[in-house]
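Input: a single structure, listed below in structure tokens.
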């Protein structure tokens with residue numbers, strides 16, 4: 001299936017950052033941050049890569065992984081000290097070199113989301129983890145997007161809303177192991193806070209009876225030793241960034257979730 005991208009990365013970046021900084025967008029982001037903090041606190045290693053909606057924000061602030069690389073699609077002020085400018089579907093990072101990769105809505109706003117996931121798998125070391133955050137089509141938000149006939153649509157309508165089933169298929173094709181999947185934030189996407197508060201009772205009900213109907217899904221996948229096959233699918237050779245070698249105190253032990 002081909003994914004159409006109605007807007008370019010440059011056209012999406014600033015509106016998305018603005019939306020995430022206030023009101024409904026900020027409320028969603030805070031819910032995502034809580035979930036990411038919990039999951040990342042149980043993942044260990046030496047190197048982490050972040051590909052996200054807003055690279056100016058460290059989505060892994062609670063992680064104990066010492067070396068973080070944040071991917072930007074353009075040069076800009078306020079960049080993280082350890083940053084690279086690259087397309088998320090063609091990363092200049094060595095094979096099997098990253099312990100944790102975070103894809104924060106990176107698949108939602110790419111014209112080639114499967115290739116973004118493939119690149120994340122390529123740079124991930126055996127035993128490492130990918131954390132994927134994305135909008136859920138089977139939610140109030142997905143329904144609103146599907147039924148909307150407005151000419152001027154909220155910026156989040158431009159997301160692909162990739163379902164968990166399809167994402168699981170991609171994960172399996174890349175020989176990754178899905179460890180767990182969660183769905184969160186069961187409020188409908190009303191811009192007005194007072195209206196959203198009227199639906200407070202909905203969240204515990206949906207969470208209990210329809211646990212997969214949250215606005216966003218978080219999927220944790222692991223690259224096992226059996227999936228070390230390097231995918232050689234490059235039209236041209238690239239120079240890869242070699243990350244600094246850090247000798248962990250627990251070298252030789254199995255790392256994973258707790």
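Residue numbers (the UniProt record's numbering): 1 to 258. C-beta atoms are modelled at their ideal positions from N, C-alpha and C, and glycine is treated no differently. Source: prediction; values computed, not measured.
#### Entry: Euclidean distance between Cα positions of residue 230 and residue 122
The predicted position of residue 230 is uncertain, since its pLDDT is 46 and thus under 50; a value taken from the coordinates is nonetheless stated next. Each residue's Cα considered, the two are about 7 Å apart.
### Message
Here's a check: name, in chain order, each residue in its chain whose Cβ is nearer than 7 Å to the Cβ of residue 120, leaving out the five neighbours to either side.
### Response
101, 103, 130
### Rounded C-alpha distance that separates residue 210 from residue 73
37 Å
### Query
What first and last residue would you give for the alpha helix (DSSP H) that runs through residue 171?
164 to 173
#### Entry: Residues that residue 216 bridges to, as DSSP identifies them
135, 184
### Task
Pull up the distance between the alpha-carbon of residue 269 and that of residue 49, whole angstroms please.
Here the chain comprises residues numbered 1 to 258, so residue 269 is not present and cannot be evaluated.
### Query
Is residue 64 buried or exposed, if buried means 16 or more other CB atoms sit within 10 Å of its CB?
exposed
### Task
Quick one: measure Cβ to Cβ for residue 124 and residue 223, integer angstroms, because I've assumed they're closer than 8 Å.
5 Å
### residue 141 beta carbon less than 7 Å from that of residue 260
For the chain, the structure presents residues 1 to 258; residue 260 sits outside this window and is missing.
### Message
Assuming residue 59 and residue 36 are in contact, meaning their beta carbons sit under 8 Å apart, how far apart are those beta carbons, in whole angstroms?
### Response
6 Å
### Query
Alpha carbon to alpha carbon, how far is residue 159 from residue 218?
15 Å
### Query
Which residue's Cα is closest to the Cα of residue 82: 95, 96, 90, 55?
55
### Message
Rounded to the nearest angstrom, what separates residue 86 and residue 71 at their Cα positions?
### Response
7 Å
### Message
Please report the distance separating the alpha-carbon of residue 195 from that of residue 203.
### Response
14 Å
### Task
Count the other C-beta atoms from every protein chain shown that fall within 10 angstroms of the C-beta of residue 78, then say buried if there are 16 or more, exposed otherwise.
exposed
### Message
Measuring alpha carbon to alpha carbon, tell me which residue in 184, 41, 118 is nearest residue 29.
### Response
184
### Task
Given a cut-off of 7 Å, decide if residue 191 and residue 75 are closer than it, judged by their beta-carbon atoms.
no
### Query
Quick one: what's got a C-beta closer than 7 Å to residue 8's C-beta in the same chain, skipping five residues either side?
none
### Query
Nearest CA to the CA of residue 175: which residue from 10, 221, 32, 95?
221
### Pairwise C-alpha distance: residue 98 and residue 66
12 Å
### Query
Within 10 angstroms of its Cβ, does residue 113 collect 16 or more other Cβ (buried), or is it exposed?
buried
### Message
Within 10 Å of its beta-carbon, does residue 136 have 16 or more other beta-carbons around it, so buried, or fewer, so exposed?
### Response
buried
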